[in-house]
Structure formats: structure tokens, C-alpha cells
Amino acid sequence: SLTEKLTGLFKDLSGKGKLSEDNIREASQKVKRALLEADVNYRVVKDFIASVEERALGAEVLNSITPGQQFIKIVHQQLSATLGTRNEPLRMASQPPTVVMVCGLQGSGKTTTCAKLAKSLLQPGRRVMLAAADVYRPAAIEQLEILSKQVGCDFFKKDTTDVVDICRSAHHEAVKRLTDWLILDTAGRLHIDQPMMDELKALQSAVKPHEILLVVDGMTGQDAVNIATQFSQQLELTGVVMTKLDGDARGGAALSLRAVTGKPIKYLGLGEKLSALEPFHPARMASRILG
Amino acid sequence: IAGRRGLSAGELGQIEDLLLMSDVGAAAADRLLAALRQGPTDRPALERLRAEMLGILSLNSGPSLQNTGLPIRPQVWLVIGVNGSGKTTTCAKLARRLISQGRRVTLAAADTYRAAAIEQLKEWSRRLGAGFVGSQTGADPASVAYDAVASAASQGVDDLLIDTAGRLHTQKHLRDELGKIYHTVGKQLPGAPHLTLLVLDATTGQNAVSQAKLFSEVVRIDGIVLTKLDGTAKGGIVLAIAQELKIPVRYAGVGEGMDDLLPFDAGSFVDGLLE
Ligand SMILES: Nc1nc2c(ncn2[C@@H]2O[C@H](COP(=O)(O)OP(=O)(O)OP(=O)(O)O)[C@@H](O)[C@H]2O)c(=O)[nH]1
Ligand SMILES: Nc1nc2c(ncn2[C@@H]2O[C@H](COP(=O)(O)OP(=O)(O)OP(=O)(O)O)[C@@H](O)[C@H]2O)c(=O)[nH]1
Ligand SMILES: [Mg+2]
Ligand SMILES: [Mg+2]
Numbered sequence: 001s002l003t004e005k006l007t008g009l010f011k012d013l014s015g016k017g018k019l020s021e022d023n024i025r026e027a028s029q030k031v032k033r034a035l036l037e038a039d040v041n042y043r044v045v046k047d048f049i050a051s052v053e054e055r056a057l058g059a060e061v062l063n064s065i066t067p068g069q070q071f072i073k074i075v076h077q078q079l080s081a082t083l084g085t086r087n088e089p090l091r092m093a094s095q096p097p098t099v100v101m102v103c104g105l106q107g108s109g110k111t112t113t114c115a116k117l118a119k120s121l122l123q124p125g126r127r128v129m130l131a132a133a134d135v136y137r138p139a140a141i142e143q144l145e146i147l148s149k150q151v152g153c154d155f156f157k158k159d160t161t162d163v164v165d166i167c168r169s170a171h172h173e174a175v176k177r178l179t180d181w182l183i184l185d186t187a188g189r190l191h192i193d194q195p196m197m198d199e200l201k202a203l204q205s206a207v208k209p210h211e212i213l214l215v216v217d218g219m220t221g222q223d224a225v226n227i228a229t230q231f232s233q234q235l236e237l238t239g240v241v242m243t244k245l246d247g248d249a250r251g252g253a254a255l256s257l258r259a260v261t262g263k264p265i266k267y268l269g270l271g272e273k274l275s276a277l278e279p280f281h282p283a284r285m286a287s288r289i290l291g
Numbered sequence: 292i293a294g295r296r297g298l299s300a301g302e303l304g305q306i307e308d309l310l311l312m313s314d315v316g317a318a319a320a321d322r323l324l325a326a327l328r329q330g331p332t333d334r335p336a337l338e339r340l341r342a343e344m345l346g347i348l349s350l351n352s353g354p355s356l357q358n359t360g361l362p363i364r365p366q367v368w369l370v371i372g373v374n375g376s377g378k379t380t381t382c383a384k385l386a387r388r389l390i391s392q393g394r395r396v397t398l399a400a401a402d403t404y405r406a407a408a409i410e411q412l413k414e415w416s417r418r419l420g421a422g423f424v425g426s427q428t429g430a431d432p433a434s435v436a437y438d439a440v441a442s443a444a445s446q447g448v449d450d451l452l453i454d455t456a457g458r459l460h461t462q463k464h465l466r467d468e469l470g471k472i473y474h475t476v477g478k479q480l481p482g483a484p485h486l487t488l489l490v491l492d493a494t495t496g497q498n499a500v501s502q503a504k505l506f507s508e509v510v511r512i513d514g515i516v517l518t519k520l521d522g523t524a525k526g527g528i529v530l531a532i533a534q535e536l537k538i539p540v541r542y543a544g545v546g547e548g549m550d551d552l553l554p555f556d557a558g559s560f561v562d563g564l565l566e
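If you read the protein sequences in the order shown, they are chains D and U. Per the working numbering, the very first residue in the first sequence carries number 1; after that it's consecutive. Per the working numbering, the very first residue in the second sequence carries number 292; after that it's consecutive.
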């Protein structure tokens, strides 16, 4: 693990008296390598290492009797701090329904995440509605309808290819049924497919979601920066959900996403079951990324 | 840098960035840069880099669409991969390609787990005019595959494409399930599956190597389909997979329609990476 590598490195060095700048740079190269292997974007890595070195070259590490531990602590702290404060759940609007729009690339886990969110929000006395706004993928609407039955929440679909009409009508129905949460599942799309990005913009202005969540596959590599840049520039994102982190992907995209969007990672998808949704914990994610 | 032969440290750094941003990975990038530094400088550096990468990707031409030699019937394709990588859509695209060559194709829905998975493949078979074999959610996937091979053989179909459920390579019980599907198919038709394809999303980073490694422990992977190359991700991770596991890329997925599949062209792939 990185901690073992760094501890070993500092053990070799600390016997030779006070640490030098070169020692610090050698250690930060190890961190750089670990972050790249963890899929953190190479530019985000450069910025991160620069900020770590700046702190590490101060008295805090150089004058410490346990410089290795101090250095590792700085790296971990810096990473956790960048990943954001913990637990930013969905915020309820002042007037129901709170509208949550879920978007992202193809296959990232949006439909499953919508159902997981619905399940977690469906508490006694609360009414939740899932709306099927993916009119492209074969059996997408069936998929969400089956999931909403499993969750036990309301479901909305409309026989039209006009996605704005679907979401407006869903909102109308949600108001009628005194719904607390309306979750809009949208089709997967590329951030460079402008007509499809325009569809999301049209939805945003027509329905005015209180929350717009970008769903990103936890195994995403360097491309996370491109995805994050386009989605955050073109939409008023309020948060990110990272999925499929029940595998061995290190999840470095989290750092890239946070660095580019400045938005909180609100949840992690940790499995295919509808209960597999957890609030984001920055310190835990930092450990996972560092390996 | 394009026409230059020798490289300065700054230029090597630029090349390293180019490789890293394409998901080539730090270790594979190191190997490529070492080859560049040590290699002869009789040609421009980028040309040497291109040649080096092509060399890595040009693995012996294993079985593919056109050249399996013997007229095996049905030729059985097993399509595997992690969740959401594009397996079901790839099955449809492969079917489309085979049908356009005048072959009779059946699609088998062995994803008996995910909501509406069977319906999704069934809809594709309707659009394609392909045969369809499926059971229902909750059925045993190995049994569905077994029955599909039997029915395809008895109907004299040319190709049987078996779509499987998305599964994380780290889940032992799901790897075991995949192994069971693989061996059960072979029991019904010795030699089958003739082509097992790992569907890999081009946006995937270093985790793709772990996927290829762990799935290789339960099935022989004949090739990779690299999907979603119509996005901005470069899919450079296939270089490491080629080097470490000798698994070739056979097809590229370039969109969501049934025609959006291309035979993999290493030259244009490398050009796309280096632009
Ligand atoms: N292991 C695991 N699988 C997940 C997770 N989230 C979603 N999946 C699976 O990922 C696959 C894709 O999920 P979907 O919800 O269909 O993805 P999507 O973003 O709606 O896909 P499109 O609508 O086609 O863009 C399915 O097999 C899901 O069961 C997760 O957190 N862990
Ligand atoms: N842009 C693009 N989208 C693709 C490509 N291949 C598949 N997709 C999309 O990716 C999403 C997931 O595709 P599926 O075929 O359902 O993926 P899967 O691997 O079968 O998913 P699971 O069965 O849930 O594991 C769908 O929205 C597809 O349309 C591709 O080459 N390019
Ligand atoms: Mg979906
Ligand atoms: Mg599928």
C-alpha cells in the first residue's frame, strides 16, 4: 500500500538526520504514482502534488521527529479536504414536490440510482414518484416501472417522445398526488452530444429541478474531467453520485469530479440491490484512492 | 514534436501527459517512454511511438467473424463484462453485422437478473429480425444458455449470441456463475463458446486490467469489444491489457445504434490516441 511504501521510504531516510527537499520530492513522486494508478486525472494530480509539497516542505514535516507519519497525514488530510465535507444529503424544497433530475453518461447507473434514491426517501408519511424520461433505450421505461414496483413508490410514464412534456406532466401529476419527491430518470448521453445536452437544458428550464445529480461510474478514468466540465458548465448541478464502488476500482475520478465541479459527492452506489446506496464519506474515499 | 527525432525532457513530459490522459496508465507509459529514450533516433519520435504502440496491439489474429475456418454451426458467442459496459447493445450490433452477411442469427437472453434485461434484448431481436431465446427473470442463466445452444443447433442457425448479466469481476459467486454458463455451453456443444468477448467501456480507467485478469481466470477471453469510443475517452487501457494478458481488441463500439460497431483498427486507434 502507499502508506507502507511511504513508511518504508521515510525509515530509510530518517536515519540520516533531517529531511531534505529532495526527500520530500521523492515521497511526493510515490504519491503521484499512486494517484495516477487510482485514476485521478493527471492534471488534477499535478495540482494536488504541488499543494502537498508546499505544505510538506514546511517545518511541520522537516522538523518533525516522525516526518514519515507527518507527511502521510498531510496527504490524507489534503485529499479528504479536497473531497469535501461529509454528508450533504438531498435538500427538501420549501414547497413539494422536491424535484430531482438524474443525468449522466450511458450505462453509469442512473436508472438504478433513481430507484435507490426513491427507496431511501420513501419513509412513512412521504410520497415518492419516479418518472421515466428515457424514451430512447429499449425497455428503459419497463426497467424503471419494474424497479418502482420493487420500491413501492409511484411511477409516471407518458406515451410520447417529448421528454419535456413527460417531465412537465409528471410534475403536474406529482402535485396532484401531494408527492414529496419527484425523481426524473433521463437517458444516458455523451457530454459532447449537444442536442442531447440541450435536452437536459430544456428540462432544467421547464421543470426547474431543486437537485440535479450527475451519476458517474466509479471506474471512470481520465475522462471524468471532460464529463464533469461539460455537465457542470451546461447545467446547474447540485451534486454527484458515484456508482459501482463495490468493486476494486480505486475511485480517483471522485477527486477529478470535485476539483472540476466544486459540487459535493452526495452518494455512493455500492451494489445492484436497491438498498446499496450510502452517503459519501470523504475520509474513507481518501483512503480508498490512496490505496 | 511531430517531426523531431531526439526528445528533450520537456517533450518527453508532453508525450507522457498525452499517454496518461488517454488512460494508458503510468506503468505502460513508463515502458513506452523507456522504449522511446533507448530506441534508435533514425525516425521521428512520434513515428517510433506509434510503431511501438502498434506492435503492442498487433497480437496474433485469433478467431474473428470471418475466419473461424471450419463451418461450425452454430458459432457460439458469449458476451461478458461489468455492469453497464454495453453488452446487450453489442450483442445487437454483432447480430446486425452477421445478418448483413446473410447469416441466420439467434440472440439468447441469459441475463435473468436485471430488471427488463430480457425485454431489452427481445426488443433488439424484433428490430433485427433475429431469433430469440429467453426465459424469465430469476431463471438459471446456465440453463437458458444450455437450452439456447440446443435450440440453435436444432434450427440450423449460423450464429448464437449469448448476452449475460453485468457482473463485477470481484464478486466470486458471479465469476462462478459465469464459469458455469461457459462450461455448460461447452457440454451442450463441444468447443463452444467459440468466441468469448469481454465488453469494456472506453471510459474505464485502470480497473479494466483487473476486470480482464479476473474474468480470464474463469473463461478464455478471445477478444475485447471497446465501447463508447464515440465519446472523448481514448480507451488507452487496452495497451496494458494487450501487454499483460495478450488479449486483442476485436471491435469498437461507436454509438447506440445497431450499425455502430466497427472491426477494431489498431492504426486509427493509435492515431486517435496521439492526436
Ligand atoms: N455493482 C453495481 N452495479 C450497479 C450499481 N449501480 C448500477 N449498477 C448496475 O449497472 C448497470 C447499469 O445500470 P443502469 O441503472 O441501467 O444504468 P443507466 O445509467 O440508467 O444506463 P442508461 O440508461 O443506458 O444510460 C445495471 O446492471 C445495474 O444493475 C452499483 O452501485 N454497483
Ligand atoms: N455512446 C455509446 N453508447 C453505448 C455504446 N454501447 C452501448 N451504449 C449505451 O450504453 C448503455 C448501456 O448499454 P447496455 O447494452 O444496456 O449495457 P449492458 O452491459 O448490457 O448493461 P447491463 O446488462 O446492465 O450490465 C445504453 O444506454 C447503450 O445505448 C457505444 O458504443 N456508444
Ligand atoms: Mg437508464
Ligand atoms: Mg445487458
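The beta carbon of each residue, even a glycine, is placed where N, CA and C say it ideally should be. What you are looking at is a predicted structure, and each value in this text was computed from that prediction instead of being measured.
Among the bridge pairs identified by DSSP, ASP185/D is matched with VAL102/D and ALA132/D. No Cβ of chain D is located within less than 9 angstroms of the beta carbon of ILE515/U.
Of the residues assessed, GLN305/U falls on the exposed side of the cut-off, its CB having fewer than 16 other CB atoms within 10 angstroms. The stretch 450–495 of chain U contains, as complete alpha helix (DSSP H) runs of 4+ residues, the segments 463–479 (chain order).
In the three-state DSSP reduction, ILE371/U falls in the strand class (E or B).
Inside the stretch 103–171 of chain D, DSSP marks whole beta strand (DSSP E) runs of 3 or more residues at positions 128–133 and 154–156, from first to last along the chain. With a contact defined as Cβ atoms closer than 8 angstroms, MET242/D and GLY252/D miss out at about 11 angstroms.
The beta-bridge partner set that DSSP reports for GLN366/U consists of ASP450/U. Note that the C-beta distance between PHE423/U and LEU398/U is below 9 angstroms. Against SER108/D, the close residues of chain U are GLY375, in the order they occur along the chain (beta-carbon pairs closer than 8 angstroms). Those residues that bring their Cβ nearer than 7 angstroms to a heavy atom of ligand 3 are LYS110/D, THR111/D, ASP134/D, ARG137/D, ALA140/D, GLN143/D, ASP185/D, ALA187/D and GLY188/D. In terms of Cα proximity to ALA557/U, the closest of PRO362/U, GLY527/U and MET549/U is GLY527/U.
The secondary-structure analysis by DSSP pairs PHE423/U across a beta bridge with LEU398/U.
Remark: the shortest separation between the CB of ALA456/U and any heavy atom of ligand 4 falls under 8 angstroms. In terms of Cα proximity to ASP454/U, the closest of ARG322/U, LEU310/U and SER426/U is SER426/U.
Ranked by Cα distance from CYS114/D, the options VAL99/D, ARG126/D and GLY125/D are led by VAL99/D.
Looking only at GLY297/U, ASP314/U, ALA318/U and ALA493/U, the smallest Cα-Cα distance to GLU338/U is reached by GLY297/U. Interface annotation for the stretch 213–225 of chain D against chain U: ASP217, MET219, THR220, GLY221, GLN222 and ASP223, criterion Cβ-Cβ distance under 7 angstroms. For the stretch 223–250 of chain D, the beta-carbon criterion of a distance under 7 angstroms to any beta-carbon of chain U is satisfied by ASP223, ASN226, LYS244, ASP246, GLY247, ASP248 and ALA249. The Cβ atoms of TRP181/D and LEU277/D do not sit closer than 9 angstroms to each other. For the 9 angstroms CB-CB criterion, ALA132/D and PHE155/D form a contact. For TYR542/U, the enclosing beta strand (DSSP E) begins and ends at 540–544.
ALA81/D is outside the set of residues whose beta carbon lies under 9 angstroms from a beta carbon in chain U.
For a Cβ distance threshold of 7 angstroms, nothing in chain D lies close to GLN534/U: the least Cβ distance comes to about 16 angstroms. At least 9 angstroms separates the beta-carbon of GLN534/U from that of ALA401/U. Residue pairing for TYR267/D: DSSP places it in a beta bridge opposite VAL241/D and PRO279/D. Along the stretch 22–46 of chain D, going in chain order, the ones with a CB nearer than 7 angstroms to a CB of chain U are ARG33, LEU36, GLU37, ASP39 and TYR42.
The C-beta of ARG137/D comes closer than 9 angstroms to at least one C-beta of chain U. Distances between the C-beta of THR428/U and the heavy atoms of ligand 4 are all 8 angstroms or more. With distances taken between CA atoms, GLN69/D lies nearest to LEU6/D out of GLN95/D, GLU53/D and LEU6/D. Note on geometry: alpha-carbon atoms of SER275/D and THR179/D lie some 21 angstroms from one another. With 16 or more other CB atoms across the displayed protein chains lying within 10 angstroms of its CB, ARG258/D is buried. Restricting attention to ALA383/U, VAL440/U, ASP438/U and ARG395/U, the CA atom closest to the CA of LEU412/U is found in ALA383/U. Contact annotation, GLY457/U with VAL516/U: C-beta distance approximately 14 angstroms; criterion of less than 8 angstroms not satisfied. Boundaries of the alpha helix (DSSP H) around ILE74/D: 67–83. Around ILE146/D, the beta-carbon contacts reaching into chain U at under 8 angstroms are ALA406 and ALA407.
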